[in-house]
Each structure stands twice: as structure tokens, then as C-alpha cells.
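Input: a single structure, listed below in C-alpha cells.
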Amino acid sequence: MLEVRDLHVEFGTRDGTARAVDGVGYRVDAGETLAVLGESGSGKSVTAQAVMGILDSPPGRITSGEILFRGTDLLKLPEEGRRRIRGDRMAMIFQDALSALNPVLTVGYQLGEMFRVHRGATRKQARERAVELMDRVRIPAARSRVDDYPHQFSGGMRQRIMIATALALEPELIIADEPTTALDVTVQAQVMELLAELRREYRMGLILITHDLGVVADVADRIAVMYAGRIVEHAPVRELYAAPAHPYTKGLLDSVPRLDRRGQALHAIKGMPPSPLAVPHGCSFHPRCPMARERCRQEEPPLHEVGPGRSSACHFWKELLDGTP
Ligand code: SF4
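With the numbering used here as the guide, the letters of the sequence shown map in order to residues 15 to 339.
Below you can see the structure in the form of C-alpha cells.
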């Protein structure tokens with residue numbers, strides 16, 4: 015359904031050109047969930063904004079690549095065509111529901127507006143649809159709360175309303191950018207479960223952007239791990255959890271608490287991700303990598319195919335997968 019090919023995005027800054035996305039490619043099929051994982055500044059959200067056509071431009075600039083949605087390159091469509099796809103066929107869920115929702119309009123009005131603007135519904139019909147949607151995302155007593163304002167809901171309930179807004183027009187693709195980061199752990203799990211259930215029911219494609227490997231294990235089919243603007247590992251979720259093929263993924267996994275590793279110490283990856291203004295030469299992860307050696311400082315590793323549906327951008331992926339240099 016969606017295929018991003020060799021996407022490059024730059025940002026013009028006072029200090030020079032920042033290489034935010036550097037040759038990213040991934041695909042998502044109907045009914046499938048792709049998790050895009052990375053620390054802040056890895057390019058995961060910028061890629062999603064490019065797909066949605068909401069990149070801040072300038073300073074952001076797509077310098078090359080293709081974004082194919084059902085075979086049409088979105089980058090070649092006029093703005094009007096993109097807007098129509100964005101309204102009807104693709105939707106986005108943001109991290110901070112409080113700032114994404116309008117504070118001075120009731121949630122019923124905001125949900126209903128989708129039907130009035132895009133489907134020509136009357137005020138009464140739109141309100142009914144808003145109540146149905148609130149029910150669908152399990153807002154208790156939806157009918158009596160449809161005239162409440164966003165600040166009258168808890169963080170978890172507001173995020174459900176955001177999901178309802180995204181679902182309203184039954185899009186084919188939803189991009190959820192850190193949808194549960196602002197919520198506490200129990201509510202995170204409930205919101206994730208709801209998203210997974212709706213994705214199955216509506217047979218939507220879902221791109222789940224997160225920095226937290228812990229939240230995607232049960233909901234994603236595949237994971238693309240990003241670092242410094244590139245995908246460094248791409249794999250089906252089970253294989254990636256069982257045996258990561260990139261030291262960065264391994265570092266992320268070792269820093270997530272897991273029941274099957276009870277009693278073992280948690281490890282944080284040392285150092286910080288690089289600035290997109292100064293990406294290290296060679297493998298961009300080498301200053302933080304416990305396996306780095308001379309070749310890593312000289313040569314940028316390409317994304318190798320390392321198994322069916324799996325790839326890794328590490329010169330020494332074999333050492334990780336089967337322990338042989
Ligand atoms: Fe580490 Fe080298 Fe692999 Fe980069 S190429 S991840 S520095 S071992």
C-alpha cells in the first residue's frame with residue numbers, strides 16, 4: 015500500500031545543512047503494522063511528516079526519493095491532491111492530544127467536523143457519528159460527554175479521542191507518532207491494544223513511530239530501526255527480538271526490562287546520538303558501538319540482506335547473528 019523509496023530530507027539551519035533523512039526506504043501493506051523505532055533526532059518523525067505531506071518546508075526539503083501510495087508517487091501530486099489523500103485516506107495521530115485538539119471546541123464538534131467537511135453530513139448526523147466514534151474507542155458515557163471540551167478528559171481518554179478523529183473517515187493508513195509517550199504504563203498498554211484491535215478490524219496499515227521498543231513487541235509485524243537518518247536494521251518483530259542483527263538494536267533491547275531476563279542487569283547505550291549537522295564518518299554508530307573497529311570508522315556499511323525479510327547496516331552482522339566473524 016505504501017512504499018517509501020530512498021528518501022532524503024535536509025534541513026537548512028543557521029549552522030549549515032542538516033541531513034535529517036538519508037536514503038530511507040520501507041513499505042507497509044494493508045492490515046500490517048510497521049514500527050519505526052529510534053531515538054529523538056533519528057529521522058523517524060521527519061520521514062512520517064514527509065509521507066503525510068506536513069513537513070515544515072522550509073526549513074525542511076525533500077531532496078530526492080519516492081513515496082508511493084497505492085502506486086502513485088505522492089511527491090509528484092499537486093498540493094490539492096495530497097490534501098485530499100491526507101484527509102480521506104491517510105491520517106495521523108500525534109503524541110500530544112491536548113495541543114492537537116482545539117481547546118475551545120467540544121470534542122463532539124471536532125469529531126463531527128470531519129463528517130460535515132468531508133462527507134457533507136448535517137449537524138445532527140455529524141453529532142451522532144461523533145457519539146458512535148467515541149463509543150468505538152471506548153469513551154465511557156459517550157453520549158453525555160460529547161459536549162465536553164478536551165481539557166475535561168484524562169490524558170488516556172484524550173488520546174482515544176485523537177484515535178477516533180484519525181479513524182473517522184476510515185483511512186487506509188494511519189501514522190501514529192509516539193501515541194502513548196505522554197501516558198502512564200497501564201494506559202499506554204490499553205491505548206496500544208485499542209490501536210491494534212482497530213487496525214485489524216478496519217484492515218488499515220499502521221506505522222507506529224516510537225523510541226520505546228517495549229511498547230511495540232505485541233502489536234508490530236515488522237520493525238525498522240533508525241539511527242542518524244538511516245535504517246540500520248529491518249526485520250520481522252519476532253526475529254529481531256530473538257536475535258538482533260545490529261549492535262544498536264541489541265543495545266536498545268538490552269535496555270528494555272524483560273520478564274525472560276529476570277535478574278540480568280539492564281544496559282544503557284553509552285553516549286548520545288549524533289547531531290544531523292555532524293554525522294560521524296564511516297558507520298554513524300561507531301562512537302557508541304561496543305563492537306566498533308577500524309573498518310567502521312572508514313567505511314559506511316550498506317543495508318545488507320541478512321535473511322528472509324531481514325536487513326542490517328553493520329559490517330559485522332554475522333558475529334551478532336551466529337557468532338562467526
Ligand atoms: Fe558497530 Fe561497526 Fe557494526 Fe557500525 S559497522 S554497528 S560501528 S560493528
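We put the beta carbon where it would ideally sit given N, CA and C, even for glycine. Note that this is a predicted model, so its numbers are computed, not measured.
CB of residue i within 8 Å of CB of residue j, strictly
| i | j | result |
| --- | --- | --- |
| Ile245 | Val42 | no |
| Arg174 | Leu208 | yes |
| Thr224 | Val239 | no |
| Leu187 | Met104 | yes |
| Ala144 | Leu125 | yes |
| Val23 | Ala64 | yes |
| Ala178 | Val151 | yes |
| Glu111 | Val230 | The identity of residue 111 in the sequence shown is Ala, whereas the question assumes Glu. No, the pair does not count as a contact, with Cβ atoms beyond the cut-off. |
| Gly37 | Pro287 | no |
| Cys303 | His329 | no |
| Val121 | Asp70 | no |
| Leu82 | Arg19 | yes |
| Val270 | Leu227 | yes |
Reduced DSSP category for residue i - H, G, I as helix; E, B as strand; rest coil
| i | result |
| --- | --- |
| Leu183 | coil |
| Met168 | Per the sequence presented here, residue 168 reads as Ser, with Met not at that position. Three-state DSSP puts Ser168 in coil, outside helix and strand. |
| Gly37 | strand |
| Asp161 | coil |
| Ile76 | strand |
| Gly337 | coil |
| Asp191 | strand |
| His260 | coil |
| Asp20 | strand |
| Ala238 | strand |
| Glu146 | helix |
| Gly228 | helix |
| Met128 | helix |
| Gly26 | strand |
| Gly95 | helix |
Residue from the options whose Cα sits closest to the Cα of residue i
| i | options | result |
| --- | --- | --- |
| Ala257 | Trp331, Arg84, Phe108, Gln109 | Trp331 |
| Arg97 | Ser78, Val131, Gly79 | Val131 |
| Arg133 | Leu183, Asp110, Gln124 | Leu183 |
| Arg33 | Val251, Gln109, Ser325, Tyr241 | Tyr241 |
| Pro290 | Ser326, Asp162, Gly57 | Gly57 |
| Ala282 | Val18, Leu16, Glu53, Glu46 | Glu53 |
| Arg236 | Gly228, Val251, His260, Leu181 | Val251 |
| Thr86 | Val38, Ala203, Pro193, Leu16 | Leu16 |
| Ser168 | Pro154, Leu181, Ala180 | Pro154 |
Q | Within 5 Å of the ligand SF4: residues by beta-carbon to any heavy atom | A | Any residue whose Cβ sits closer than 5 Å to a heavy atom of the ligand SF4 makes the list: Pro261, Cys297, Phe299, His300, Cys303, Met305, Ala306, Cys310, Pro315, Cys328, His329, Phe330.
(Q) Below 8 Å, how does it come out for the stretch 79 to 97 and the stretch 275 to 284: are there three or more Cβ pairs, yes or no? (A) By the criterion of at least three beta-carbon pairs nearer than 8 Å, the stretch 79 to 97 is not in contact with the stretch 275 to 284.
Q | Contact between the stretch 162 to 173 and the stretch 190 to 205 (3+ Cβ pairs under 8 Å) | A | Judged by Cβ distances under 8 Å, the stretch 162 to 173 makes contact with the stretch 190 to 205, as three or more pairs qualify.
Q. Quick one: any contact between the stretch 246 to 255 and the stretch 319 to 331, if contact means 3 or more CB pairs under 8 Å?
A. Yes, since at least three Cβ pairs between the stretch 246 to 255 and the stretch 319 to 331 fall closer than 8 Å, the two stretches touch.
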